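Enquirer:
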Amino acid sequence: MEPDTQLSSVASALAGSDGAPGAGPEPLRGRRIGGTLSPLLRWETGLVVLLIGVVIFGLDTSSAFTSDSYLFSQVLGGQVGEIALMTLPMALIIITGEIDLSVASTAGMASSLMGYLFMHHWSIALIFVTVLAMGAVAGAFNGFLVTRVGLPSLAVTIGTLTLYRGIAIGILGANTYSTFPTFWTNIGVNPVPGLPFMSWAFLIFLVMAALVGIVLHMTPLGRTLFAIGANREAAQFAGIRVKRTKFMLYTFSGVVCAFVGILLTFRLNTAVSNNAYGLELTVVATALLGGISIFGGKGTIVGVLLANLVFAGIEGALYLTTGFNESAFPIVTGGLLLASVLIPNFPELRRRAREAVHRRRRLHGAAPSVEQGVSR
Amino acid sequence: MALSLQHASKSFGAVKALQDVTLDLYAGEAHALVGENGAGKSTLVKILAGVYQPDTGRLLASDSDELVLAGPAAAIAAGIAIIYQEPTLFPDLSVAENVFVGRQPLRRARLINRRAMNARVNEIFERLGVTIDPDRVARGLSIAEQQLVEIAKALSIDAKVIVMDEPTAALSAAEVDRLANVITALRDHGAAVLFISHRLEEVFRLCQRVTVLRDGRWVLSQGTDSLTVDDLVRAMVGRDLAERTYEPHTRGEPLLRVERLTREGVFTDVSFDISAGEVLALAGMVGSGRSEVARAIFGIDRYDAGTVVLDGKALRRASPSAAMAAGIGFVPEDRRQQGLVMGMGIGRNIALASLRRLRHLGLLLPGVEQRFAADWAARLQLKYRRLSDPATSLSGGNQQKVVLAKWLSRQPELLIVDEPTRGIDVGTKAEVHRLLVSLAREGIAVLAISSELPEVLAIADRVAVMREGRLVGVLDRDEATEEQIVAMATGQAAPAGLLKATAL
Amino acid sequence: MSTAATAETQPREEPTNQTRFVDLALRARTFGIVGVLGLVVLVTTSIQSRFLSSNDVQFILSGAAIYAVMAVGEAMVIVTRNVDLSVGSVAGLSAFVCAGLFHELPGIPTVAVFAIGALLGGGCGLITGLLSAICRIPSLVVTLAMLWIVRSVDVLLVGGAQVTAGQVPRSFLLIFYDTIPGIGVPDIAVGAAVLAVAVYFYMSSFRSGRDLYAIGSDPDAARLAGIPIAKRITTAFVMSGALAGIAGVLYASQIGTIDSTAATGYELQVIASVVIGGVAIFGGSGNVIGAALGALLLGTITSALYTLGVNQNWDEAFQGLLIILAITLDRGIQAQLASALRRRRVRLGA
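Residue numbers (this note's numbering), protein chains in the order written: chain X, 1 to 376; chain A, 377 to 880; chain D, 881 to 1230.
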């Protein structure tokens, strides 16, 4: 999203992140736009190391950490699969330089609609189709506002976040519906046969992650996503249909979130209007931890997968730790999020600090010098 | 002497951007700084601006005191004003606030004195002969107007040294004249003007002295009356460059037919055709609508009426992908913002428009893009380190080659280039001209938009001239002269003396 | 030279007309909210005449005051092209701490409590600001993390406990409900209005206030102009935090019983108020009075819907629609402006 005009190169030179024009020493961050695999693996490697650390920590706390039942109940089961599914379209959207804060509300709206339709005895097949269609419409509405009307996605999705949650409340009110067919609720609650540590939701996530990963890193469509995020105008000038692509991404997100709403409802065996409340921030944080740059144009699905595992693993490990107050868990995730954005900046920050000291030294060394700043 | 940079050196890692460069600026004088891309001009400007600190060397003020500029605010305090090529105005603030940003005049209790601020700005504008309302918001001002606001800002800090970086790149001839007057006024006022430009004719017209840099080193500093353009070119490049690009060749059948193309408020009733194997130059002043017509043909912009027919088939409007499928390529005016994805690798940039053809079973197998890009990079003699390096690591001329490679690799029937050599050093400029002409020789139709008349005359088979959104006429190569083009572009058949004053 | 001469002899009319047109459009935005507000009140009263009973008005004004106070701080941040998602958590923490103070130190003067709330919030804002401005972390990420961290600290502090209404002095609980004698306007609404006007004054007539707009309008140009960006942005976040802290105290006065869920989710309504109030999400334009009015409008619409008998379940949906409408309107105005300016320029032959 950052235009790279001459002016901004001057400004960033001042900020200390630029090299000589035309000569270009190696960019310090070592990460390239476009999803080239090799330099980006540095981030993913870090995540792998972190994950191993988490597993060791968990095992240290309790050898039950990697037991099938514990993994299923705390790590790869529960909410994790559903959140993970939502991180996939979120990652794609952030790569193109936009954001979608309405994901959890869409899931909640789907859940509400499900409850309502069940109450009115619709057939299950019809319910599935209707709910997914509603997700598509919700996503398409976002896409329409962002691409056709040209509104900033942060503001728009704050609006639709409110709107869709509002619709969820409007549909069900204070009611809850809790008598879903056991066949489906069993799928929500039981692990996958043969893989007793994994929920169906997580399995579906793995499959989808593989597909999305292939599309993102090995197809022309994936390349265009990176190009759009890095420089929307240049992508347009290369014949890429930016608006249509973003519109489709938002619609895709809507469908996936509606699907997540369905999974969630079956797992909880409850449709209530505040299902999935507040999850959007977790989804965004997971994508960011996974290496998706908030500025667009960078990131990998491998990173997103690892980030999901890291978050889930940490939560699971801390839960086992006696004396650890679960209420402190958000501090851990918050700190992790900050660290994930701070660490890549470290070399830059150090350089700027050094330059500032250097400047101050020159200032006091030479006589008579011009002090910085006009009197204010 | 207003300012003296002495024996300055600056390196970035292993790259020596400036080595032992000395530059003396005198009050009341316009001093030009020329050099190819990568010669060190922008590094020097950034040192004067306080953005960089030189590794060695000193900056001396008029009273021989050494200046240590810790940042841009210090440069401003020292009376050095920089006017960048891209305007740096705040779109949401008023013109007056832009002029006085951070230094708004105060009244009691440190409140901003709006009336005094507007009055001061009006005063300055009158001195410059300009009519912009200081109270209006800066959003919507033309580039020329934005520049004038920047100049007003410089005058408001009573700048002793005013640095202008490629100020005429986006100006019409009338605006260049106005700028020339402004520069004279600044000189009379006692300021020193440092004028950076690739347009050597302007250097001789507007400046009294010129300094040439090459590869980060100082080459010469002399009065403009003791040099010729060829001397300058030789000093910049280190060798003689004769522009002998054009070779006569035969034209084919009309390939593109544009009929009565209209976009309300932008261009009206534009009709022309281009044949295969021909270079048609589209000349005219900035703002005459040339780029807009080109963008409308390619589908980036829409148009309201008229038709575009390529190869006998009507082209769908407002669809770049349709234009590309029909065989049109488009090298845009703004290389960094529109032509390239700067943060992306060189190889990926080259392959970006050809991805679909590189697919195998829907996938892009590893290495396919790189091989493709390497092939085309070689064909265009691109100078780069690794294909995975970001496009920012290239010089302007090489960046332009990447954009050209991107489009040529699609083997278009029609190539539209908007300002093909803007901001490019002399050596690469000639290469690009030769390339365009050889494309025509191979049978490709080329539509070249250019504001540099020597370039137009160097490569074109025919010259179409636009003025204020209309096509005024089309000249054959043998009829086209600079005077004739300018006359048509400014809508007058004026006396010879007047033309000399407006010719670039 | 005739072309140049013609351009210069254009009468000054054109530029002034242009100015008036542009400025009018921008100023209309703030007044537009008042207009919409008036419309809502008018329509609702005509249908249900008891809408403007003094109780209702007091209720709307005092409820909106809390959001308005936070919206003023949030607007300062958004103008600089940042966002502060942590205001809800900060308000919640402040509510608990300040209410708790009354419980621990019964004799403490109310003013001191407000001051402590402001300091607490300001402290959180300082951390956020420093991380954002100096470490160059995008504010969305920083304030997202702070939202969690602060809320988590709050929960840890609270434990399972809560401060009940019975544990704080009655005078404190009345702060929310006190009105100016005779006029019947709630004290805190007046306070919020005064705050909004004061901050507006600061942002339009002081150099450092104008700097905030410059930073949001073009951060690169601001850096080049020598504006101390880190200092200004940190100040904006400190203000946002401090005002959230004060709002937390007001919340405690309103609700009386505070647990760890106080003010959860408030940040969204605050941001909605700011956006509806005409502050562009990308910064550089809008003002805090608009933001405060936006908070008032949201509160009024909620009450109006209730009075009209619309099922309360649909309140949030209406809010969402309103946000989208407001942003669309702003975009429409901007687009019209841009094309009008373009057409004028071409006609002048610039």
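Each residue gets a CB set at the ideal place from its N, CA and C atoms; glycine is no exception. Every value quoted in this text rests on a predicted model; they were computed, and no experiment measured them.
1) Helix or strand or just coil, what does DSSP make of Arg491 (chain A)?
2) Measuring only the C-alpha atoms, how far is Asp511 (chain A) from Ser327 (chain X)?
3) Using only the alpha-carbon positions, how far apart do Ala133 (chain X) and Asp1098 (chain D) sit?
4) Can you find the residues in the same chain that come closer than 7 angstroms, C-beta to C-beta, to Leu337 (chain X), ignoring five residues on each side of it along the sequence?
5) Go ahead and label Gly34 (chain X) buried or exposed: buried means 16 or more other beta carbons lie within 10 angstroms of its beta carbon, across all protein chains shown.
6) Which of the three DSSP states, helix, strand or coil, is assigned to Ala611 (chain A)?
7) Any idea if Arg747 (chain A) is buried or exposed, counting beta-carbon neighbours within 10 angstroms, 16 or more meaning buried?
8) Does DSSP put Leu965 (chain D) in a helix, in a strand, or in coil?
9) From what residue to what residue does the beta strand (DSSP E) around Trp594 (chain A) run?
10) Please check if any C-beta of chain D sits within less than 9 angstroms of the C-beta of Ser377 (chain X).
11) For a test of the three-state rule: what should DSSP assign to Ile946 (chain D), helix, strand or coil?
12) In the structure shown, what three-state DSSP assignment does Glu521 (chain A) receive?
13) Starting from the beta carbon of Gln757 (chain A), find every residue of chain X whose beta carbon is closer than 7 angstroms, and list them in chain order.
14) Quick one: give me the first and last residue of the alpha helix (DSSP H) that Ile1007 (chain D) is part of.
15) Under a three-way DSSP split, which group does Met842 (chain A) fall into?
16) When the Cα of Asn935 (chain D) is compared with those of D:Leu1092, D:Val914, D:Val1065, which residue comes out closest?
17) For Pro510 (chain A), name the three-state secondary structure that DSSP assigns.
18) Please state whether DSSP places Val260 (chain X) in a helix, a strand or coil.
19) According to DSSP, simplified to helix, strand and coil, what is Met661 (chain A)?
20) Can you check whether the C-beta of Asp1091 (chain D) is within less than 9 angstroms of a C-beta belonging to chain A?
21) Could you pull the start and end residues of the alpha helix (DSSP H) that His120 (chain X) belongs to?
22) Check each residue of the segment 682-704 of chain A: if its Cβ is closer than 8 angstroms to any Cβ of chain X, include it; give the result in chain order.
23) What is the DSSP secondary structure of Pro766 (chain A), reduced to helix, strand or coil?
24) Given this structure, state the Cα-to-Cα distance separating Thr1114 (chain D) from Gly447 (chain A), to the nearest angstrom.
25) Would you call the CB atoms of Val915 (chain A) and Arg846 (chain A) closer than 9 angstroms?
26) Mind pulling the chain D residues with CB within less than 8 angstroms of Val149 (chain X)?
27) CA-CA distance, Leu617 (chain A) and Arg712 (chain A)?
28) For Leu163 (chain X), tell me which candidate among X:Met218, X:Gly316, X:Val103 has the shortest Cα-Cα distance.
29) Leaving out the 5 sequence neighbours to the left and right, which residues in its chain are closer than 8 angstroms to Ser695 (chain A) when beta-carbon positions are compared?
30) Using a beta-carbon distance cut-off of less than 9 angstroms, what residues from the segment 229-244 of chain X approach chain A?
31) May I have the straight-line CA-CA distance separating Arg437 (chain A) from Ala1127 (chain D), to the nearest angstrom?
32) Cα separation between Ala91 (chain X) and Leu268 (chain X)?
33) Could you tell me the boundaries of the beta strand (DSSP E) in which Ile458 (chain A) lies?
34) If you count every other CB in all the chains shown that lies within 10 Å of the CB of Glu818 (chain A), and 16 or more means buried, which is it?
35) Please list, in chain order, the residues of the segment 1186-1200 of chain D that have any C-beta partner in chain X closer than 8 angstroms.
36) Less than 9 angstroms between CB atoms is the rule here; does Leu1037 (chain D) satisfy it with respect to chain A?
Expert: Straight from the coordinates:
1) In this structure, Arg491 (chain A) counts as helix in the three-state DSSP scheme.
2) About 54 angstroms.
3) Cα-Cα distance, rounded: 41 angstroms.
4) Closer than 7 angstroms at Cβ, skipping near neighbours: Ala285, Leu288, Leu289.
5) Bear in mind that a pLDDT of 44 at Gly34 (chain X), under 50, signals an unreliable position, so the number given afterwards is only what the model happens to contain. With 16 or more other Cβ atoms within 10 Å, it is buried.
6) Assigned with DSSP and collapsed to three states, Ala611 (chain A) falls in helix.
7) Arg747 (chain A) comes out exposed.
8) Residue state for Leu965 (chain D) is assigned as coil, using DSSP reduced to three classes.
9) Where Trp594 (chain A) is concerned, the enclosing beta strand (DSSP E) starts and stops at 593-599.
10) Since the displayed chain X opens at 1 and closes at 376, residue 377 (chain X) lies outside it and no answer follows.
11) Looking at Ile946 (chain D) - three-state DSSP - the assignment turns out to be helix.
12) Of the three classes helix, strand and coil, the one that applies to Glu521 (chain A) here is helix, per DSSP.
13) Neighbours of Gln757 (chain A) on chain X: none; closest Cβ ~17 angstroms, over 7 angstroms.
14) The continuous alpha helix (DSSP H) containing Ile1007 (chain D) extends over residues 990-1013.
15) Correct three-state label for Met842 (chain A): strand.
16) Of the listed residues, the one whose Cα sits closest to Asn935 (chain D) is D:Val1065.
17) In this structure, Pro510 (chain A) counts as coil in the three-state DSSP scheme.
18) Of the three classes helix, strand and coil, the one that applies to Val260 (chain X) here is helix, per DSSP.
19) Reduced to three states, the DSSP call for Met661 (chain A) is coil.
20) Closer than 9 angstroms: yes.
21) Per DSSP, His120 (chain X) belongs to no alpha helix (DSSP H) and is neither H nor E.
22) Of all residues in the segment 682-704 of chain A, only Pro696, Ser697, Ala699, Met700 place a beta-carbon less than 8 angstroms from a beta-carbon of chain X.
23) Look at Pro766 (chain A) here: in three-state DSSP terms it is strand.
24) The C-alpha of Thr1114 (chain D) lies about 20 angstroms from the C-alpha of Gly447 (chain A).
25) The structure shown does not extend to residue 915 (chain A), since chain A is modelled only from 377 through 880, so no value can be given for it.
26) Under the 8 angstroms cutoff, chain D gives Thr1208, Arg1211.
27) Because the pLDDT at Leu617 (chain A) is just 49, under 50, the model does not fix this residue reliably, and the point stays unresolved.
28) Answer by Cα proximity: X:Val103.
29) Listed in chain order, the non-local C-beta contacts of Ser695 (chain A) below 8 angstroms within the same chain comprise Gly675, local neighbours out to five positions each way being set aside.
30) Cβ contacts with chain A come from Ala230, Asn231, Glu233, Ala234, Ala235, Gln236, Phe237, Ala238, Gly239, Ile240, Arg241.
31) A small correction: the amino acid at residue 437 (chain A) is Ala; Arg does not occupy that position in the sequence shown. Rounded to whole angstroms, Ala437 (chain A) to Ala1127 (chain D) spans 54 angstroms at the Cα level.
32) A straight line joining the alpha-carbon of Ala91 (chain X) with that of Leu268 (chain X) spans about 26 angstroms.
33) Run containing Ile458 (chain A): 456-459, per the beta strand (DSSP E) assignment.
34) Classification for Glu818 (chain A): exposed.
35) Residues passing the 8 angstroms Cβ filter: Asn1191, Asn1193, Trp1194, Asp1195, Glu1196, Ala1197, Phe1198, Gln1199, Gly1200.
36) It does not: the Cβ of Leu1037 (chain D) has no partner Cβ on chain A nearer than 9 angstroms.
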